[in-house]
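Worksheet: one structure, shown below.
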Ligand SMILES: Cc1ncc(COP(=O)(O)O)c(C=O)c1O
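Residue numbers (the working numbering): 799 to 1169.
See the structure below:
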């Protein structure tokens, strides 16, 4: 693996000194997992920080994928139920659907904002059975939760939003469940972890029960699993919360400069309502080059300056061998139903936006774009 001067992502997490006071607390508590004191403190503080405007409930789990799996299981659909998933997302979205015992149906995303929209979901529902929808806040660009709540009640179809990379700016709405990741590469990273947000107290109680094997009052009521977030991860989370505002301000300001540069050079970016971004920048920065050839020219130029670029969500899910079973027979004419996804994957370029890019980063990127 090449050692780039500017890597694709370098997490800005607390260092050993920041975490040390919380490790000392663990030493004296002698509590290491099972909803210990640090877990309770982190849960309360995360709720205050990220969800103070909402009346919902959160559960902490050991990954964003676990959050999705638990939320989907909690829908209590029949085995093999059909869950609509955009083909343009990270593999975990569909992995969670399969782990929950359901079948993913892959669909396209909207050309303007690269996300699965309620309109696209409705057009699929007209043609096929869909038992639930899993819209994704692609690349950290939030979904409009209110519109999905309306979709859910209009079509009597449950919705779980995969907002893995969107903890800062994802809105909530009564009637939809929303899942977040606390992976190191996400805006609020702790290493590994996840959050389930729900507006419904019964759903919340069931999810809390199922992340702890399904236990309630000393008895397994439904078979869950071990998805608990341990005290050491919570220590990192508490240390990260203390420094988070400055971490995020730095990254948001870099994001704004790179966004302006791409805009001035007329590269295609996902459309977004300004109000959705008021709390922070999306997790990833990616744009569409004018052609597949331009995309590879730009990536070669970045490479020559030792800047690592990537093609996020590539290959899209319908092109992974592991999902073949759910793709075969569903698409005709070389994926003609997935034209937007196919176009995006042929032209996408993802570039670093993190706090360790170096002082002349924007100027260097600019040189690679103006070729
Ligand atoms: C869209 C999406 N969903 C789910 C996940 C899974 O999150 P985690 O890595 O915390 O399991 C990710 C992680 O990158 C993601 O990008």
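All C-beta atoms in this analysis are idealised placements derived from N, C-alpha and C, irrespective of residue type, glycine included.
Query	Result
Write down the C-beta distance between residue 1085 and residue 1065 rounded to the nearest angstrom, noting that I regard them as a contact closer than 8 Å.	4 Å
Cutting at 6 Å between CB atoms, please list the residues of its own chain near residue 1125, excluding the five before and the five after it.	1116
Mind the definition here: the region 990–1006 touches the region 969–982 only if three or more C-beta pairs lie below 8 Å; say whether that holds.	yes
Can residue 986 and residue 965 be called in contact, C-beta distance under 8 Å?	yes
Suppose only complete runs of 3+ residues qualify. What are the beta strand (DSSP E) ranges in the region 1075–1123, listed by chain order?	1083–1086
Could you work out which residue in 818, 1045, 1080, 808 is closest to residue 1056 when comparing CA atoms only?	1080
Which residues, in chain order, sit with a beta-carbon under 6 Å away from any heavy atom of ligand 1?	861, 862, 863, 887, 888, 890, 891, 934, 960, 962, 963, 979, 981, 992
Between which two residues does the beta strand (DSSP E) holding residue 995 run?	992–996
Just to confirm, is the Cβ distance from residue 1106 to residue 1150 under 8 Å?	yes
Mark residue 820 as exposed unless 16 or more other C-beta atoms lie within 10 angstroms of its C-beta, in which case mark it buried.	buried
For residue 813 and residue 988, what's the separation of their Cα atoms in angstroms?	11 Å
Starting from the C-beta of residue 869, find all residues in its chain whose C-beta is less than 6 Å away, skip the five residues before and the five after it, and write them out in chain order.	958, 975, 977, 994
Can you tell me where the alpha helix (DSSP H) with residue 839 in it begins and where it stops?	835–849
Write down the C-beta distance between residue 981 and residue 862 rounded to the nearest angstrom, noting that I regard them as a contact closer than 8 Å.	6 Å
When DSSP labels each residue in this structure, what does residue 979 get in the three-state scheme?	strand
At what residues does the alpha helix (DSSP H) containing residue 862 begin and finish?	862–871
Among the candidates 904, 876, 899, 898, whose CA atom is the shortest distance from the CA of residue 888?	904
Decide yes or no for the touch test of the region 936–952 against the region 824–831: beta carbon pairs closer than 8 Å, at least 3 of them.	no
If you drop the 5 nearest sequence neighbours on each side, which residues of the same chain put their C-beta closer than 7 Å to that of residue 1164?	1059
Return the residue from the list 851, 1103, 804, 1032 that minimises the CA-CA distance to residue 972.	851
Okay, do the region 875–883 and the region 1024–1043 touch, 3+ Cβ pairs below 8 Å being the bar?	no
On the DSSP letters alone, give me the boundaries of the alpha helix (DSSP H) that residue 1035 sits inside.	1029–1062
With C-beta atoms as the reference, is residue 836 less than 8 Å away from residue 1033?	yes
Under 8 Å: do the region 1138–1147 and the region 1086–1096 share three or more Cβ pairs, one atom per stretch?	yes
The beta strand (DSSP E) that contains residue 880, what's its start and end?	880–884
For residue 877, which residues of its own chain have a beta-carbon under 6 Å away from its beta-carbon, when the five flanking residues on both sides are left out?	899
Under three-state DSSP, which class holds residue 965?	coil
Indicate whether residue 806 and residue 1109 have their beta-carbon atoms separated by less than 8 Å.	no
List the DSSP bridge partners of residue 903.	882
Start and end of the beta strand (DSSP E) containing residue 1147?	1146–1149
Once the 5 residues before and after residue 802 are set aside, which same chain residues still bring their CB inside 6 Å of it?	1104, 1106
Relative to the C-alpha of residue 944, which residue among 847, 968, 1022 is closest?	968
The alpha helix (DSSP H) that contains residue 815, what's its start and end?	814–827
Check each candidate in 1023, 970, 990 and name the one with the smallest Cα separation from residue 1004.	1023
So, at 7 Å on beta carbons, what are the nonlocal neighbours of residue 893 in its own chain, with the 5 sequence-adjacent residues on each side left out?	863
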